[in-house]
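What follows is a set of notes on a single structure, which appears directly below.
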Amino acid sequence: MSILASKKVVTRIAPSPTGHLHIGTARTALFNFLYARSRGGMFIIRTEDTDKERSKPEYEQEILDGLAWLGLEHDAFYRQSERSAIYRHYLEKIISADKAYVSREESKNNPGTFVEVVRLKNPNTTITFDDEIRGEIAFDTTELGDFVIARSIDDALYHFTVVVDDHEMGVTHVIRGDDHISNTPRQILIQEAIGATRPHYAHLPLILAPDRSKLSKRHGAVMLDEYRKDGFLKESILNYLMLLGWSPATDQEIFTIEECLRIFDISGIQKGGAIFDIEKLKWFNREYLKHYSDDDYARYASEAIVGTLTTMPQYSDERFLRLLPTIRERVSTSGEIHHACRAGEYDYFFDTPTVSQEMLKWKHDTSAHDALPRLQHVAEFIAQMPENVSVEEAKNALWNYAEEKGKGEVLWPLRVALSGRERSPDPFTLIHILGSGESYKRVRTACDIIRSSE
RNA sequence: GGCCCUAUCGUCUAGUGGUUAGGACGCAAGGUUUUCAUCCUUGAAGCCGGAGUUCGAUUCUCCGUAGGGUCACCA
2 MSILASKKVV TRIAPSPTGH LHIGTARTAL FNFLYARSRG GMFIIRTEDT
52 DKERSKPEYE QEILDGLAWL GLEHDAFYRQ SERSAIYRHY LEKIISADKA
102 YVSREESKNN PGTFVEVVRL KNPNTTITFD DEIRGEIAFD TTELGDFVIA
152 RSIDDALYHF TVVVDDHEMG VTHVIRGDDH ISNTPRQILI QEAIGATRPH
202 YAHLPLILAP DRSKLSKRHG AVMLDEYRKD GFLKESILNY LMLLGWSPAT
252 DQEIFTIEEC LRIFDISGIQ KGGAIFDIEK LKWFNREYLK HYSDDDYARY
302 ASEAIVGTLT TMPQYSDERF LRLLPTIRER VSTSGEIHHA CRAGEYDYFF
352 DTPTVSQEML KWKHDTSAHD ALPRLQHVAE FIAQMPENVS VEEAKNALWN
402 YAEEKGKGEV LWPLRVALSG RERSPDPFTL IHILGSGESY KRVRTACDII
452 RSSE
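So the mapping is simple: this note's numbering equals the position in the first sequence, first residue as 1, plus 1.
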């Protein structure tokens with residue numbers, strides 16, 4: 002093993018706190034985290050806040066919170082705004098080595114005023130680097146010219162600070178988005194000027210919108226926080242992001258973070274960009290939610306329901322707890338529960354529904370009156386059930402009668418009488434959730450409605 | 001436009017110089033003790049195009065085409 006290969010791996014995520022935590026930043030962080038951790042290395046977070054105008058502390062906080070929520074723990078944290086002395090040191094060093102120079106010119110930001118920017122002396126060579134994902138990439142740097150690396154001796158710019166920091170922090174692997182490929186040659190030029198060793202580069206394919214352009218706000222939710230608020234679990238997000246642009250070369254799709262750590266390798270990273278598919282993310286979320294205990298799911302769901310129902314069920318409300326399995330098999334996220342509640346989807350479990358005659362008909366060419374004797378009979382069965390009747394008990398009590406009279410003839414009007422809806426869980430489940438007393442009342446009400454039309 | 005990158009079902013992907021090109025999401029049909037959902041089964045759906053190398057290219061090479069990224073005193 003060579004000296005270089007045995008060197009401790011150091012990776013970093015270098016977000017600029019100029020906006021919310023983007024889902025793509027989260028994925029880049031994940032890959033950096035996995036690569037470092039799977040090799041016993043270090044994972045650094047470095048806030049690149051050299052743009053004083055656009056950088057905001059609250060964005061930095063959100064980024065840190067988001068990554069912590071995902072469980073991507075870092076070994077070190079740096080803030081570029083606190084490192085200007087270091088940048089100045091390197092700037093002075095390369096200026097005196099005649100590899101960069103101060104140039105007095107008219108400010109582009111403030112026309113009319115003059116500033117002393119620092120420009121790198123471009124040796125005008127062709128830079129070739131080996132990308133771990135794409136192989137060899139060559140650039141002719143002539144067209145870059147003597148580009149600006151600092152607004153002033155005390156105010157270094159992005160390309161310069163990145164190179165100095167990666168060098169100072171011993172970063173061995175720069176794993177970042179595809180959009181940085183064209184930045185790489187100029188950063189290598191700076192490395193050579195300050196005498197830094199070149200790190201390994203791995204440029205990740207971008208996360209794309211459905212139209213194959215770079216995923217951005219106009220495509221909908223791109224912030225990690227939005228998914229978090231919608232009730233996506235960190236496990237689902239991590240698992241989905243992991244498989245977006247990376248493959249283990251097996252059919253396995255569900256991974257714990259420990260498994261990811263064991264099998265992750267750069268060689269499995271795709272070259273082409275990957276479209277973000279919310280449907281697949283939802284599927285992952287359902288999968289992970291399946292492992293929740295009833296109690297955990299109750300907590301998860303009740304948070305989404307707060308304030309959405311006309312009659313607010315308490316966490317301890319028995320009826321609400323009995324309803325949960327039904328909700329669970331119908332939604333992917335707590336956000337969906339929230340929307341369904343707001344749309345009144347679950348109101349009939351807590352408030353008496355309005356039952357229409359038309360809907361009580363099993364077949365359109367029949368009359369609602371045909372349902373009357375069935376419902377009256379069913380009401381008698383229900384009257385004999387215990388209040389906390391189970392789904393099985395309800396079914397056993399009614400099944401023979403339903404078979405005898407025709408399942409649709411009995412079960413359809415019963416289900417409508419209980420729910421007031423075209424679509425709902427089956428009547429036995431409804432009786433169980435509502436309780437036999439409430440169920441009896443609703444069936445009697447439906448009978449009254451039919452009679453009142455005569 | 002210059003430079004750079006990419007190309008297997010709609011989407012995420014596996015894979016090979018000779019395969020019935022595999023899986024997952026989604027979709028469709030059928031079934032699971034009426035509807036919805038769940039679950040099960042089945043199905044439709046793909047190698048961007050053209051040359052070249054080769055006995056044989058989805059796979060290798062070149063050229064197109066398409067898409068994307070990037071061209072700041074932002075990061």
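Backbone N, C-alpha and C fix where the C-beta goes; we use that ideal spot for every residue, glycine too.
Please report the distance separating the alpha-carbon of residue i from that of residue j.
i, j, result
"I138", "S425", "59 Å"
"R40", "K8", "11 Å"
"Y36", "A203", "11 Å"
"S317", "D296", "Low local confidence applies: a pLDDT of 49 at S317 is under 50, so the model's placement there is unreliable, with the coordinate-based value given in what follows. The straight-line gap from Cα to Cα measures roughly 11 Å."
"F265", "S420", "50 Å"
"F350", "E49", "52 Å"
"M2", "L31", "Residue placement at M2 is flagged as unreliable, the pLDDT there being 41, under the threshold of 50; a coordinate-derived value is accordingly withheld."
"I4", "G42", "Because the pLDDT at I4 is just 46, under 50, the model does not fix this residue reliably, and the value given afterwards should be weighed accordingly. Taking the straight line from one Cα to the other gives about 15 Å."
"T12", "I176", "7 Å"
"G221", "L242", "17 Å"
"E330", "Y289", "13 Å"
"Y228", "K283", "10 Å"
"L225", "R422", "36 Å"
"L73", "V223", "19 Å"
"Y88", "D212", "41 Å"
"Q358", "I434", "23 Å"
"I46", "N33", "10 Å"
"S108", "A157", "15 Å"
"W70", "R300", "18 Å"
"G436", "E319", "10 Å"
"F382", "S440", "11 Å"
"Q192", "A86", "18 Å"
"S1", "E388", "The displayed coordinates of the chain run from 2 to 455. Any statement about residue 1 would go beyond what the structure contains."
"A305", "I328", "12 Å"
Run through DSSP, which three-state label would residue i get?
i, result
"S217", "coil"
"R343", "helix"
"H433", "helix"
"S317", "Per-residue confidence for S317 stands at a pLDDT of 49, beneath the threshold of 50, marking its modelled position as unreliable; the derived number appears in the next sentence. Coil."
"I208", "strand"
"Y60", "helix"
"Y36", "helix"
"H1", "With the chain running from 2 to 455 in the structure shown, residue 1 is simply not present."
"I276", "strand"
"A197", "coil"
"G178", "strand"
"W284", "helix"
"W247", "strand"
"M360", "helix"
"E169", "helix"
"T446", "helix"
"L234", "coil"
"F351", "coil"
"P387", "coil"
"Q253", "coil"
"F265", "coil"
"V461", "The requested residue 461 is not part of the displayed model; the chain covers only 2 to 455."
"K408", "helix"
"D297", "helix"
"L73", "coil"
"D371", "helix"
"P426", "coil"
"E54", "coil"
"G421", "coil"
Sort out for me which residues DSSP pairs residue i with in a bridge.
i, result
"Y102", "R120"
"I46", "I14, F78"
"M224", "H23"
"I270", "W247"
"Y202", "D132, V175"
*What are the start and end residues of each continuous alpha helix (DSSP H) run of 4 or more residues lying completely inside the region 106-164, in chain order?*
Taking 4 residues as the minimum length, the region 106-164 contains no alpha helix (DSSP H) run wholly inside it.
*asked:* Taking contact to mean 3 or more Cβ pairs, one atom from each stretch, closer than 8 Å, check whether the region 57-74 and the region 113-128 are in contact.
replied: no
*asked:* Contact between the region 426-435 and the region 390-402 is defined here as three or more beta-carbon pairs at a separation below 8 Å; is this criterion met?
replied: Contact check between the region 426-435 and the region 390-402: three or more CB pairs, one atom from each, fall below 8 Å, which counts as touching.
*asked:* Does the region 61-71 come into contact with the region 87-104, if we say contact requires no fewer than three beta-carbon pairs (one atom in each stretch) closer than 8 Å?
replied: No, the region 61-71 does not touch the region 87-104.
*Are the region 71-85 and the region 142-149 touching by the rule of at least three beta carbon pairs closer than 8 Å?*
No, the region 71-85 is not in contact with the region 142-149.
*Hey, is the region 245-260 in contact with the region 184-200, meaning 3+ C-beta pairs nearer than 8 Å?*
With the cut-off at 8 Å, the region 245-260 and the region 184-200 do not touch.
*Between the region 377-386 and the region 444-454, are three or more C-beta pairs nearer than 8 Å?*
yes
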